[in-house]
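A.B. asks: Sharing a structure, written as structure tokens. Questions coming.
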Amino acid sequence: MLTDLHKTQRLGSALTFLERYYNEGEDFLDQIVTGDETWVAYVTPESKQQSMEWRHSSSPKRVKFKQTISAREIMCTVFWDRKGVLLVEFLPRLEAFLRLLQDEPLLHYRDNRKCSDLPLSIKKTVENAFKFKLV
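Here the sequence shown is numbered in our numbering, starting from 657 and rising by one per residue.
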């Protein structure tokens, strides 16, 4: 939930964007890069093909126990501009938390093809994007 301070900050940012759009026109929109991150749950069950095994025809069948499906999570980080996605990165939980503790930039890879189209100031933003600290 947004506090009154957050609402005021968002209003101020929106007014700044409108003013810059009025002064700079469509070129201003090409300079905006935004990003988000989320935890994505996934399950990778063993397929029937993977569970097959070679055995002699007279040997007894292997007893298979019912699998307990355990969901895992991976952090997905996405950055995009008005032309499309610039970066998608997936980090396992442990690696994501280690980066938080080491105060490293979360991004260590970027799509050079798309970033080369960006203005220099925005390239720096993508390269140095968000250093996270554990509070």
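Glycine residues also receive a C-beta, built at the ideal position from the N, C-alpha and C atoms.
Since ILE730 and VAL696 are thought to touch, with beta carbons under 8 Å apart, how far apart are those beta carbons, to the nearest angstrom?
C.D. replies: 5 Å
A.B. asks: Threshold first: 4 residues or longer. Then list the alpha helix (DSSP H) segments lying entirely within the stretch 657 to 714, N to C.
C.D. replies: 660 to 680, 682 to 685, 704 to 707
A.B. asks: Which residue or residues does DSSP assign as beta-bridge partners of VAL734?
C.D. replies: Partner residues in the beta bridge of VAL734, as assigned by DSSP, are ASP692, VAL744.
A.B. asks: Mapping the DSSP letters down to three states, classify ARG728 as helix, strand or coil.
C.D. replies: strand
A.B. asks: Would you kindly work out how many angstroms separate the C-alpha atoms of VAL744 and SER714, rounded to a whole number?
C.D. replies: 51 Å
A.B. asks: Rounded to whole angstroms, what's the CA-CA distance from LEU742 to GLU682? Just pull it up for me.
C.D. replies: The straight-line gap separating the alpha-carbon atoms of LEU742 and GLU682 is approximately 19 Å.
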